[in-house]
Amino acid sequence: MRQVHDASEQLGRHCSAAVELRDVTLSFGKKEVLKRISLAVDPKEPAVVYAGTDAGLSKSTNAGTTWQPLQGALDDVRIEALAVDPEYRQTVIAGTDQGVYWSTDGGDRWRRFPHLPPRTFDALAMDRSAGLLYAGLA
222 MRQVHDASEQ LGRHCSAAVE LRDVTLSFGK KEVLKRISLA VDPKEPAVVY
272 AGTDAGLSKS TNAGTTWQPL QGALDDVRIE ALAVDPEYRQ TVIAGTDQGV
322 YWSTDGGDRW RRFPHLPPRT FDALAMDRSA GLLYAGLA
């Protein structure tokens, strides 16, 4: 129990006291986002936000004021989880209903991790110091 308390204290020190909530509508052509949204914020550039849904992936470079759909390999997959590498910020990881994908160019091009099964991965966490990516199965 003490570890959880220590972690929440640490997290609290790193979080901003001011939180702004916005209504966001993401459009993907004929598909509208209805079910779920996974978000990832660039840890060194908080205005860069990625939003993954069951209809595609979008990116904002102005803290969510406007969104640009990202086309490519993730057009036909449901995105369950997203993570941005804290050191190599152009590296974005997506847990989807068809496996885990990564991009090294800010989401323009995607590749699937070849040694992971094409199953639903709904949680991602990175430990850069250990060089590990944790991916949770649904």
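Read left to right, the sequence shown gives residues 222 to 359 (my numbering). In this text, a Cβ means the ideal position worked out from N, Cα and C, and glycines have one as well.
Cβ-Cβ distances below 6 Å link Arg333 to Gly320, Tyr322 in the same chain, with the five nearest sequence neighbours on each side left out; the list follows chain order. Taking all protein chains shown into account, Tyr271 has 16 or more neighbouring C-beta atoms within 10 Å of its C-beta and is therefore buried.
Measuring C-alpha to C-alpha distances from Pro338 to each of Thr274, Gly357, Pro264, Gly277 identifies Gly357 as the nearest. The C-alpha of Arg330 lies about 24 Å from the C-alpha of Thr286. Leaving aside the five residues that flank Val313 on each side, the residues in its chain whose CB is nearer than 8 Å to its CB run, in chain order, Ala261, Tyr271, Leu303, Ala304, Val305, Asp306, Trp323, Ser324, Gly327, Gly328. At least 9 Å separates the beta-carbon of Gly277 from that of Asp263.
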